[in-house]
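Chemist: Protein sequences appear in the order of chains A and B.
Anchor point for the first sequence: position 150 equals 818 in the working numbering, and the numbering is continuous, going up by one each time.
Anchor point for the second sequence: position 120 equals 224 in the working numbering, and the numbering is continuous, going up by one each time.
From the three backbone atoms N, C-alpha and C, an ideal C-beta is built for every residue, glycine too.
This structure is a prediction, so every number in the text was calculated from the model and none was measured.
Please read through the structure below; I'll follow up with questions.
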Amino acid sequence: MGLKKYLATRGITMFGVLMVTLLLTIILVGSNMDTILKQGITFQVRAEITEDPKISDSFSDPAEFEAFVQDQIEQRVKALGLDTPWYSPQRIGLTMYKILILDFGHATFLTSDSGSSDVKDILLEKLPRTILLFTTATIIISIIGIFLGALAGSKVGSAVDRITSTFAVVSSSFPVWWIGMLMIFLFSFVYQIFPARATPSIPPTDPGYIAALLYHMALPVITIVMIGFGAWAYLVRNFMIGIMQEDFISAKRAMGINQKKIIYGHAIKNAAPPIITILALSLSGSLGGAIITEAVFDWPGMGRLYFEAITVMDLPVIIGATYVLTLFFLISILVADLLYGYFDPRVKTGS
Amino acid sequence: MSSVSASEIKQEFLKSKIGIAGIGILVTLVAISIGAAVIIPVETFQQWNNPQNWLVYPKTAIPAWVNLFMFEKIPEHKILDEPNVSTISLDEISAVSHQFHVNYVYDDFPSDFIYEFTVKYSGSPLLQISVIRPDGSIIKLLSASLPNTEDLVLHNEKIFSTDGTIKKNLFLQSDKFNFPIEGFSAEDIVFSKSTDNVVLKGDYVFLVNLYGVQKENSIVDSTLIVGGKAFGIMGTDELRRDLAVGILWGTPLALFIGIAVAIGSVVMGLVYGVYAGFKGKLTDESMMRFNDVIYALPVLPFLIILAVTISNSIFLMIGFLTIFGWVGIAKVSRSMALQIKTRGYVEASKMMGQKNSKIIFKHILPQLLPYAFASIAISVPAAITTEAGLSFLGLGDPSFPTWGQILHDANTYGAAARGLWWWIVPPGLMIAITGLAFVFLGNALDAIVNPKLKR
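As structure tokens, then:
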């Protein structure tokens, strides 16, 4: 199997998944969406008519007036295509097409900080913040994890190794958000070092906003790193153990190359493919976990947006955010796959 | 993969330290579950989200055992509902007397006191409340007649320490105190030394007398609450709920959710994977593509949407978690089935014309059982933390309060920033410990079952 064919199959699978996700989301929220849209139209029509007294004056019979209002509503419903049910193929097709070209429509309740209710604007505002927080955390985690893992893996059974392995097992069973609450308790209540709420209180237009954002970011980053690096170190350790037993390492040792150079120069290079794959996967995985973590720290990113949208049932935002999250998830899986193929030629040739 | 017999697994398992530790924690958790079910009535637990049920409890009270480590003792919240009862009949007049003994040894005044009673009476009996203090002095708090009635009625009333009559009565007895008592609340006066306004420690007796002419007058229910800031073994939350009830009852729930999801997803994954691997060719290919699709779905957003749009019932939630849980297991069991399929005896039974279902159930699945048990143990923590996470977002089933829901309430009321550690630490610790028990079990089993296989 050549690289092109490999890429093509992966790409098609990913696209299929994206469509399935989108379809499932629309099916799950579709019926609610219609109800909400129709209510919105009724409200709008009535508001417009009451604003213009001339219309109501021209009717003498209240029943006639009511019929006129109903007629107006029906006309709008038809114009928007809401007279066919949401599950009709045209409407699902149209919705999916719109979402594919990133036209998510307008949010029902939520707005961006700058006041826009366009879902695209809201997402574009929140997404960089989530990426900032989780990418920073993931990079720190991977650096600590790789060095600690390499150290533990080169000295199997040593104190460092045992502490790392134990810490990895124990930390993986703690929910990040709970540790987050404990951190808030410790560092904003007992020792008042960091703010409890991660949303900066100054407006985003202020020149000091970036600095404030970074300061507010400290506690979430520390928390995510604390919970995350153990598992990383453990994984890297396991790869290293495998590689340190390989013949070429023994050969290097026999040649008298010092241990440090072997570990950080040769062994790590060979452990790179799986590590990079996991890096790509954990970056996207963290985006999903963001929903809860951001809720704890009140971090103004995608996760909190998603949570807020769910709370008030702002469907366009839910659909848009799910789509973007899935997109990121799939892209990182694809990137991970490609990187793996690049580093490990066996995958490409299919052997 | 070599097949391992049950007795071998048992032997190996008993040698593994972390396996034993896992079993130890699990046994403790099961004991807690049984204890909770026996000690705390289900009704109490089901009333968790009903504020009416928790009115007599204090708000955000620290666990009472904290006093052991405190130099200045925090007043404990006391709910006294078993008074000493005595009845005196003098000719026509009858008197019912209820006495509450309060041993007050704390360094701060109580936050309030409340007397709640239900009496059965006719006529217009007189209710008197007084306190005998440790220094021997008696303070009259209240003397009031109940509303007049001809028939026998049940009367329920709450008398609060903030009651105006109590204030007035105290003011009339201000000569018992050597400091001006105006401006102090009733509990600050009643529990104060006579010389100055500091706590007088010792035994107090609250005396409630009901005088009447009719013999059938009786106090049906009588409770004295001395409000404090410490309560029970786990304290209370902002909504006055006894956290011990929620945390203890959370244990059987978490175990149930975790184990149900783990078994469900492992069985599903096993059957799916083995069938795909056994059938091979196009069936295998299409089943694995479907597997890929499910694998690539973002789990948490989907679970949230499902909980919001369909239902947040705990049983449905278990189903949803299962739907997303079987994918990885299906992949591994497929590759295992592919290996087993090529073995001689499977080929032989195929030649003999045995039915596919029989081959799968008799020859392939039993080989995978050890792996299945390890997977069940490993899947439990993820199920528990995911459910806790959803509950934490407020999507839990309100009729089954889990640890995640307790933490959700804690987060809503800003418990972390307000320093209410007893509301945050125990539920999270229970989640972590439960998860850890199964991680230990799973690791121990995994090391025995696949000495080399890295998933």
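Are any of the Cβ atoms in chain A nearer than 7 Å to that of residue 525 of chain B?
Modeler: Here residue 525 of chain B corresponds to residue number 421 of the second sequence, with the count starting at 1. Yes, because at least one Cβ of chain A sits closer than 7 Å to the Cβ of residue 525 of chain B.
Chemist: Give the residues from the segment 146-168 of chain B that approach chain A closer than 8 Å (Cβ to any Cβ), ordered along the chain.
Modeler: For the segment 146-168 of chain B, which is checked against every Cβ of chain A, not one residue is closer than 8 Å.
Chemist: Please go through the same chain and pick out, in chain order, the residues whose beta-carbon is closer than 6 Å to the beta-carbon of residue 716 of chain A, but skip the five residues on each side of it.
Modeler: To locate residue 716 of chain A, count along the first sequence from 1; it is residue 48. Taken in chain order, the list of residues that qualify is empty.
Chemist: The beta strand (DSSP E) with residue 457 of chain B in it runs from where to where?
Modeler: Here residue 457 of chain B is taken as the residue at index 353 of the second sequence, counted from 1. Taken as a continuous stretch (DSSP letters only), residue 457 of chain B belongs to no beta strand (DSSP E), as it is neither H nor E.
Chemist: Would you check if the distance between the CB atom of residue 222 of chain B and the CB atom of residue 325 of chain B is smaller than 7 Å?
Modeler: Here residue 222 of chain B refers to the residue found at position 118 of the second sequence. Here residue 325 of chain B refers to the residue found at position 221 of the second sequence. Taking 7 Å as the Cβ cut-off, residue 222 of chain B and residue 325 of chain B qualify as a contacting pair.
Chemist: Pick out the complete alpha helix (DSSP H) segments inside the segment 396-425 of chain B, 4 residues or longer, and give them in chain order.
Modeler: You should have 403-413.
Chemist: Can you tell me which of A/960, A/689, A/684 puts its alpha carbon nearest to the alpha carbon of residue 802 of chain A?
Modeler: The residue labelled residue 802 of chain A in the question sits at position 134 within the first sequence. Residue A/960 is the option with its Cα nearest to residue 802 of chain A.
Chemist: Got a sec? Which residues, its chain only, sit under 8 Å from residue 788 of chain A by beta carbon, not counting five neighbours each side?
Modeler: As a working mapping, residue 788 of chain A is identified with position 120 in the first sequence. So the list reads 770, 771, 772, 988, once near-sequence residues are dropped.
Chemist: Give me the Cβ distance between residue 851 of chain A and residue 887 of chain A, rounded to the nearest whole Å; I'm assuming they're in contact under 8 Å.
Modeler: Here the question's residue 851 of chain A lines up with position 183 in the first sequence. Here the question's residue 887 of chain A lines up with position 219 in the first sequence. Between residue 887 of chain A and residue 851 of chain A the Cβ distance is about 6 Å, and since that is below 8 Å, they are a contact.
Chemist: In whole angstroms, what is the alpha-carbon distance linking residue 548 of chain B and residue 495 of chain B?
Modeler: Counting from 1 along the second sequence, the entry for residue 548 of chain B is found at position 444. Counting from 1 along the second sequence, the entry for residue 495 of chain B is found at position 391. Those two C-alpha atoms are separated by around 30 Å.
Chemist: What residues from the segment 679-690 of chain A come within 8 Å of chain B, judged by C-beta to C-beta, listed N to C?
Modeler: If the cut-off is 8 Å between Cβ atoms, the segment 679-690 of chain A has 681, 682, 684, 685, 688, 689 near chain B.
Chemist: Does the Cβ of residue 346 of chain B have 16 or more other Cβ atoms within 10 Å, making it buried, or fewer, making it exposed?
Modeler: Position 242 of the second sequence, counting from 1, holds the residue named residue 346 of chain B. So residue 346 of chain B counts as buried.
Chemist: Would you kindly check if the distance between the Cβ of residue 290 of chain B and the Cβ of residue 265 of chain B is under 7 Å?
Modeler: Working through the second sequence from its first residue, we reach residue 265 of chain B at position 161. Working through the second sequence from its first residue, we reach residue 290 of chain B at position 186. Closer than 7 Å, so yes.
Chemist: Quick one: give me the first and last residue of the alpha helix (DSSP H) that residue 513 of chain B is part of.
Modeler: Within the second sequence, the letter at position 409 stands for residue 513 of chain B. Per DSSP, residue 513 of chain B belongs to the alpha helix (DSSP H) from 507-516.
Chemist: Checking 7 Å against the spacing of the C-beta atoms, do residue 811 of chain A and residue 893 of chain A come in under that value?
Modeler: Indexing the first sequence from 1 puts residue 811 of chain A at position 143. Indexing the first sequence from 1 puts residue 893 of chain A at position 225. Not in contact: residue 811 of chain A and residue 893 of chain A (Cβ atoms no closer than 7 Å).
Chemist: Can you tell me which of the three DSSP states residue 264 of chain B falls into?
Modeler: Within the second sequence, residue 264 of chain B is the residue found at index 160, counting from 1. In this structure, residue 264 of chain B counts as strand in the three-state DSSP scheme.
Chemist: Go to residue 207 of chain B, then tell me how far its beta strand (DSSP E) extends in each direction, as first and last residue.
Modeler: The sequence position of residue 207 of chain B within the second sequence is 103, counting from 1. Segment 197-208, the beta strand (DSSP E) holding residue 207 of chain B.
Chemist: Out of B/135, B/316, B/539, B/408, point me to the one whose CA is closest to residue 499 of chain B's CA.
Modeler: Counting from one through the second sequence, the residue named residue 499 of chain B turns up at place 395. It is B/408 whose Cα lies nearest to the Cα of residue 499 of chain B.
Chemist: Let me check understanding here. Comparing Cα to Cα, which of B/507, B/503, B/537 lies closest to residue 147 of chain B?
Modeler: To locate residue 147 of chain B, count along the second sequence from 1; it is residue 43. Residue B/503 is the option with its Cα nearest to residue 147 of chain B.
Chemist: Does residue 298 of chain B pass the burial test, meaning 16 or more other C-beta atoms within 10 Å, or should it be called exposed?
Modeler: Residue mapping note: residue 298 of chain B aligns to position 194 of the second sequence, counting from 1. Under this definition residue 298 of chain B is an exposed residue.
Chemist: Rounding to the nearest angstrom, what Cα-Cα distance links residue 141 of chain B and residue 506 of chain B in this structure?
Modeler: Looking up residue 141 of chain B in the second sequence gives position 37. Looking up residue 506 of chain B in the second sequence gives position 402. Looking at the two C-alpha atoms, the distance is approximately 15 Å.
Chemist: For a test of the three-state rule: what should DSSP assign to residue 219 of chain B, helix, strand or coil?
Modeler: If you number the second sequence from 1, residue 219 of chain B lands on position 115. Looking at residue 219 of chain B - three-state DSSP - the assignment turns out to be strand.
Chemist: Do we get a CB-CB distance below 7 Å when we pair residue 967 of chain A with the residues of chain B?
Modeler: Walking along the first sequence from the start, residue 967 of chain A turns up at place 299. No, residue 967 of chain A lies away from the interface with chain B (no Cβ there is under 7 Å from its Cβ).
Chemist: Under a CB-based cut-off of 7 Å, is residue 129 of chain B close to chain A?
Modeler: Position 25 of the second sequence, counting from 1, holds the residue named residue 129 of chain B. Not an interface residue.
Chemist: By a C-beta neighbour count over all protein chains shown, 10 Å radius and 16 as the cutoff for buried, is residue 509 of chain B buried or exposed?
Modeler: Taking the second sequence and counting its residues from 1, the one referred to as residue 509 of chain B is at position 405. Classification of residue 509 of chain B: buried, given that the 10 Å Cβ count is 16 or more.
Chemist: Would you be able to state if there are at least three C-beta pairs under 8 Å between the segment 926-936 of chain A and the segment 908-917 of chain A?
Modeler: The segment 908-917 of chain A, when compared against the segment 926-936 of chain A, does touch it at the 8 Å Cβ threshold.
Chemist: CB-CB under 8 Å to residue 559 of chain B, same chain, minus the five flanking residues each way: which ones, in chain order?
Modeler: Within the second sequence, residue 559 of chain B is the residue found at index 455, counting from 1. Interpretation of residue 559 of chain B is limited by its pLDDT of 34, a score under 50 that renders its predicted location unreliable; the figure taken from the coordinates is listed afterwards. Taken in chain order, the residues that qualify are 432, 436.
Chemist: Apart from the five residues just before and just after residue 539 of chain B, which ones in its own chain have a Cβ nearer than 7 Å to its Cβ?
Modeler: Position 435 of the second sequence, counting from 1, holds the residue named residue 539 of chain B. Once the five neighbours on either side are set aside, the close Cβ partners of residue 539 of chain B are 485, 488, 489.
Chemist: Kindly list the residues whose CB is nearer than 6 Å to the CB of residue 201 of chain B, restricted to its own chain and excluding five residues on each side of it in sequence; keep chain order.
Modeler: Here residue 201 of chain B corresponds to residue number 97 of the second sequence, with the count starting at 1. Result list for residue 201 of chain B: 190, 313, in chain order.
Chemist: Following the continuous alpha helix (DSSP H) through residue 190 of chain B, name the residue where it begins and the one where it ends.
Modeler: Taking the second sequence and counting its residues from 1, the one referred to as residue 190 of chain B is at position 86. Unbroken run through residue 190 of chain B is the beta strand (DSSP E), 188-194; no alpha helix (DSSP H).
Chemist: Going by C-alpha distance, which of B/131, B/244, B/390, B/260 is nearest residue 273 of chain B?
Modeler: Counting from 1 along the second sequence, the entry for residue 273 of chain B is found at position 169. When each option's Cα is compared against that of residue 273 of chain B, the closest is B/244.
Chemist: Would you grab the beta carbon distance between residue 113 of chain B and residue 552 of chain B for me? Rounded to a whole angstrom, and I think it's under 8 Å.
Modeler: Along the second sequence, one-based indexing puts residue 113 of chain B at 9. Along the second sequence, one-based indexing puts residue 552 of chain B at 448. About 6 Å separates the two Cβ atoms, so the contact holds.
Chemist: In this structure, how does DSSP classify residue 446 of chain B when only helix, strand and coil are distinguished?
Modeler: Working through the second sequence from its first residue, we reach residue 446 of chain B at position 342. Residue state, collapsed to three classes: coil.
Chemist: Our contact map puts residue 476 of chain B next to residue 370 of chain B with C-beta atoms below 8 Å; I'd like the distance itself, whole angstroms only.
Modeler: In the second sequence, counting from the first residue as 1, residue 476 of chain B sits at position 372. In the second sequence, counting from the first residue as 1, residue 370 of chain B sits at position 266. That belief holds up - the Cβ atoms of residue 476 of chain B and residue 370 of chain B are roughly 5 Å apart, short of 8 Å.
Chemist: For the segment 681-699 of chain A against the segment 398-418 of chain B, do three or more pairs of beta-carbon atoms, one drawn from each stretch, fall closer than 8 Å, so that the two count as touching?
Modeler: Short answer: they touch.
Chemist: Given a limit of 9 Å on CB to CB distance, which residues of the segment 969-994 of chain A reach chain B?
Modeler: Going along the segment 969-994 of chain A in chain order, one finds 974, 975, 978, 979, 981, 986, 989, 990, 993, 994 with a Cβ nearer than 9 Å to chain B.
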